[in-house]
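*Asks:*
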Amino acid sequence: MSHLRVDRMLQSQGFGTRRHCQQLVAGGHVRVAGEPIDDPAAVIETAGLAFTVFDEAWIHREHVYLALNKPPRYECSRRPSHHPGVLSLLPEPLRQRGVQPVGRLDHDTTGLLLLSDDGTFIHAQSSPKRRVGKLYVADTAEAVTPELVAALLGGVQLHDEPAPLAAVHCEQLDACRIAIELEQGKYHQVKRMLAAAGNHCVALRRVAIGGLRLEALALAEGQWCYLGEAELAQLAAG
Ligand code: URA
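Each residue of the sequence shown is one higher than the last, beginning at 9 in our numbering.
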């Protein structure tokens, strides 16, 4: 059980400064558990709380864990320079509460991207020690050969790496398409591994992280969803 003043609850959920949240409540723009509320100092139970702000429905969440189907031409960096940032695809309160991408996809890579405002989760997911497979589908410029698949599985040497990097899984899907699963998340890793193996990546899509598959989330490009406990558990599964 956790109790909070309604203005502090709104602030924690990304609705602006305490003062702004007080004005939202006093102005009659907030409903809590279906009831209008106009006292910013009213104390409420937050666990599982449903509330609305300007008639938009929200659930109180201590932290948020999101999956986004990243479209091309969006940047994951905090200060995007050439394309809009992925955070621009989220509602303002989620940005306000400090949601950040977990790791990065290149601006032209599409597919499954996790985001959260839970620093411990972001750190744990991004740790190099975390050996969870990330599955990509890569379109290649040149035809896929058994030698290419064997090279990616056997390990290829990248310029700035001390040892060869190998895919944990790789299979041909089409004449110019492979599925490739990596446990590391090095800079441009799929593209650089394909180049080092003598081919070239022309399109890249992340389709799964651990046991969490993008297709199971049924998100159109640019859409996002909250991840529940079951989906978070799938992230750790192989
Ligand atoms: N590997 C890449 O080359 N780019 C990505 O965005 C992700 C993995």
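Each residue gets a CB set at the ideal place from its N, CA and C atoms; glycine is no exception.
Check whether the region 80-87 and the region 42-52 are in contact - that is, three or more C-beta pairs closer than 8 Å.
*Replies:* Segments in contact, no.
*Asks:* Thinking residue 104 and residue 35 are a contact (beta carbons under 8 Å), I'd like their distance in whole angstroms, please.
*Replies:* 18 Å between Cβ atoms; not a contact.
*Asks:* So is the beta-carbon of residue 113 under 6 Å away from any non-hydrogen atom of ligand 1?
*Replies:* Yes, ligand 1 has a heavy atom inside 6 Å of this Cβ.
*Asks:* At a cut-off of 6 Å, is residue 117 close to ligand 1 when judged by its beta-carbon and the heavy atoms of the ligand?
*Replies:* Yes, since a heavy atom of ligand 1 falls inside the 6 Å radius drawn around the Cβ of residue 117.
*Asks:* Roughly how many angstroms lie between the CA atoms of residue 196 and residue 114, to the nearest whole one?
*Replies:* Cα-Cα distance, rounded: 7 Å.
*Asks:* Can you name the start and end residues of the alpha helix (DSSP H) that residue 142 belongs to?
*Replies:* Taken as a continuous stretch (DSSP letters only), residue 142 belongs to no alpha helix (DSSP H), being part of the beta strand (DSSP E) at 142-148.
*Asks:* Should residue 216 go down as buried or exposed, given a rule of 16 or more other Cβ atoms within 10 Å for buried?
*Replies:* Buried: at least 16 other Cβ atoms inside 10 Å.
*Asks:* What does residue 109 pair with, by DSSP beta-bridge criteria?
*Replies:* Note: residue 109 sits in a beta bridge opposite 123.
*Asks:* Comparing the CB of residue 133 with every heavy atom of ligand 1, is any distance shorter than 6 Å?
*Replies:* Checking the Cβ of residue 133 against ligand 1 gives no.
*Asks:* Is any heavy atom in ligand 1 found nearer than 6 Å to the beta carbon of residue 167?
*Replies:* Flag unset: Cβ of residue 167 not near ligand 1.
*Asks:* Pick helix, strand or coil for residue 129, following the three-state DSSP scheme.
*Replies:* Correct three-state label for residue 129: helix.
*Asks:* Who are the near neighbours of residue 116 in its chain, counting only those whose CB is closer than 6 Å to its CB and skipping five residues on each side?
*Replies:* Excluding sequence neighbours, residue 116 sits near 80.
*Asks:* Does DSSP classify residue 199 as helix, strand or coil?
*Replies:* DSSP places residue 199 in helix when its eight states are reduced to three.
*Asks:* To the nearest angstrom, how far is the alpha carbon of residue 152 from that of residue 16?
*Replies:* Taking the straight line from one Cα to the other gives about 56 Å.
*Asks:* Give the single residue among 63, 33, 102 and 156 whose Cα lies nearest to the Cα of residue 73.
*Replies:* Checked all of 63, 33, 102 and 156; the closest Cα to residue 73 is 102.
*Asks:* With hydrogens ignored, establish whether the beta-carbon of residue 11 is closer than 6 Å to any heavy atom of ligand 1.
*Replies:* No.
*Asks:* Among 97, 135, 147 and 207, which has the Cα closest to the Cα of residue 193?
*Replies:* It is 135.
*Asks:* Tell me, please, which residues DSSP counts as bridged to residue 75.
*Replies:* Bridge partners of residue 75: 122 and 233.
*Asks:* Once the 5 residues before and after residue 172 are set aside, which same chain residues still bring their CB inside 7 Å of it?
*Replies:* Hits under 7 Å: 163, 164 and 165.
*Asks:* What are the boundary residues of the beta strand (DSSP E) that residue 177 is part of?
*Replies:* Run containing residue 177: 177-182, per the beta strand (DSSP E) assignment.
*Asks:* DSSP state of residue 247, grouped into three classes?
*Replies:* In the structure as shown, the chain begins at 9 and stops at 246. Residue 247 is therefore absent and cannot be evaluated.
*Asks:* Anyone know if the C-beta pair for residue 218 and residue 243 falls short of 7 Å?
*Replies:* Against a cut-off of 7 Å, the Cβ pair of residue 243 and residue 218 comes out as a contact.
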